[in-house]
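Working notes for the structure below.
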């Protein structure tokens, strides 16, 4: 081959703009002492909250030092969220007493390392959820729906928070289903799914879209209390920070038996894209570190992984290319 021909081949092989890997780069981040479930990343990207496999033992990890503290040993499930400044973790814990169960709404200050209880309800309750438009907390309990306006020091609403919504309503999540509270609180509608109960859920950053996984292992989504869309079989939905993209742990089945989970993107318009295909690892609980990076765990392991994309992920491809990166 002429010298110029060899130079062209070497340029093609080693030019970083041409030879970028087609598959995302997966990196192991750390290994913990126990399983990590219901991952929730603080807005400042410094702290990671999670529970054990039973939805108990709510803990916080400092991602810089890998130091872990236990916030509460009681059951919380997916019912916890961060304050906008990433300093406080709000959660609902179920505590068993002699006469029954009480539900405590509490906040843990990660700077002061202190817990503060700001409401106590008798009996079991649903999962607390924060409406990002006005920082109002909604939670179902035996006598109705609790609503609380949370105020944070130095709070400055963004322009999108000030803009009047075209549809007035809020999402409410209980153990048995997802509900839409509309018509200024006069309408309470249960969203259609398979009626097996809620395993996990995710509210979009603008507060208008809800995605949830049922206990039967099916993903559903809806926009402002509208018609429910079936996304696919799987668990652990998570919204992209600013795009209408949903990532989830997609189930692989033999008959009715799930034998593996791989990460998959869905754009709510029917297009999807596989992100991982690792038969030796069940990817679970994906969350967005930024627009092109995911953190997730390996099912039945204590490992935390990091997945990076060469560009902002897209699913605008043909059906034949949906499983190719």
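Numbering (the numbering used here), first residue to last: 1 to 325.
Positions of the beta carbon are idealized from the N, C-alpha and C atoms, including for glycine.
Because the structure is a prediction, the values reported are computed rather than measured.
Beta-ladder partner(s) of residue 223, from DSSP: Translated into positions along the chain shown, residue 223 becomes position 223. Answer is 209, bridged to residue 223.
Candidates 245, 212, 200, 199: closest to residue 312 by CA position: For the purposes of this step, residue 312 is identified with residue 312 of the chain shown, where counting begins at 1. Per the Cα distances, 245.
Boundaries (first-last residue) of the beta strand (DSSP E) holding residue 140: For this step, residue 140 is matched to residue 140 along the chain shown. It spans 136-141 - the beta strand (DSSP E) in which residue 140 sits, taken as one unbroken run.
Three CB pairs or more closer than 8 Å across the stretch 128-142 and the stretch 65-85: These segments touch.
Spatial neighbours of residue 86 in its chain, beta-carbon cut-off 6 Å, leaving aside the 5 residues before and after: Position 86 of the chain shown, counted from the start, is the residue given in the question as residue 86. Within the same chain, residue 86 has close Cβ partners 42, 43, 44.
Residues near residue 32 in its chain [Cβ-Cβ closer than 6 Å; skip 5 each side]: Your numbering for residue 32 matches position 32 in the chain shown. Shown here for residue 32: same chain residues with a beta carbon closer than 6 Å to its own, the five before and five after excluded, namely 302 in chain order.
First through last residue of the beta strand (DSSP E) which encompasses residue 38: The count along the chain shown starts at 1 and reaches residue 38 at position 38. Start and end: 37-41.
Touching by the beta-carbon criterion (3+ pairs, under 8 Å), the stretch 192-199 and the stretch 143-153: no
Cβ pair residue 171, residue 203 closer than 9 Å: Start at 1 with the first residue of the chain shown, and residue 171 comes out as number 171. Start at 1 with the first residue of the chain shown, and residue 203 comes out as number 203. For residue 171 and residue 203, yes; Cβs fall inside 9 Å.
Nonlocal neighbours in the same chain, by C-beta distance under 8 Å from residue 252, ignoring five residues either side: The residue labelled residue 252 in the question sits at position 252 within the chain shown. Cβ within range, chain order: 258, 259, 260, 261, 262.
Short Cβ contact (9 Å threshold) for residue 218 with residue 232: Position 218 of the chain shown, counted from the first residue, corresponds to residue 218. Position 232 of the chain shown, counted from the first residue, corresponds to residue 232. Against a cut-off of 9 Å, the Cβ pair of residue 232 and residue 218 comes out as a contact.
Distance between beta carbons of residue 235 and residue 249, contact taken as under 8 Å: Along the chain shown, one-based indexing puts residue 249 at 249. Along the chain shown, one-based indexing puts residue 235 at 235. Indeed they touch by this definition, with Cβ atoms about 5 Å apart.
C-alpha distance - residue 35 paired with residue 125, whole-angstrom precision: Counted from its first residue, the chain shown places residue 35 at position 35. Counted from its first residue, the chain shown places residue 125 at position 125. Each residue's alpha carbon lies about 25 Å from the other.
Per DSSP, the bridge partner or partners of residue 285: Counted from its first residue, the chain shown places residue 285 at position 285. None, per the DSSP bridge assignment.
Contained alpha helix (DSSP H) runs [length at least 4] in the stretch 46-100, N- to C-terminal order: none
Extent of the continuous beta strand (DSSP E) to which residue 256 belongs: Translated into positions along the chain shown, residue 256 becomes position 256. Per DSSP, residue 256 belongs to no beta strand (DSSP E) and is neither H nor E.
Three CB pairs or more closer than 8 Å across the stretch 63-77 and the stretch 93-110: yes
Cα-Cα separation, residue 130 to residue 254: Walking along the chain shown from the start, residue 130 turns up at place 130. Walking along the chain shown from the start, residue 254 turns up at place 254. Taking the straight line from one Cα to the other gives about 38 Å.
Test item: CB-CB of residue 284 and residue 270 under 9 Å: Against the chain shown, residue 284 aligns to sequence position 284. Against the chain shown, residue 270 aligns to sequence position 270. The answer is no: Cβ separation not under 9 Å.
Straight-line gap, residue 47 to residue 89 (C-alpha atoms, nearest Å): As a working note, residue 47 is residue 47 in the chain shown. As a working note, residue 89 is residue 89 in the chain shown. One C-alpha to the other measures close to 10 Å.
Own chain residues within Cβ distance below 8 Å of residue 200, not counting five before or after: Taking the first residue of the chain shown as 1, we reach residue 200 at position 200. The answer, listed in chain order, is 38, 78, 212, 213, 235, 236, 237.
Boundaries of the beta strand (DSSP E) in which residue 146 is found, first to last residue: Within the chain shown, numbered from 1, the residue matching residue 146 stands at position 146. Looking at the DSSP string, the run of the beta strand (DSSP E) that includes residue 146 is 144-149.
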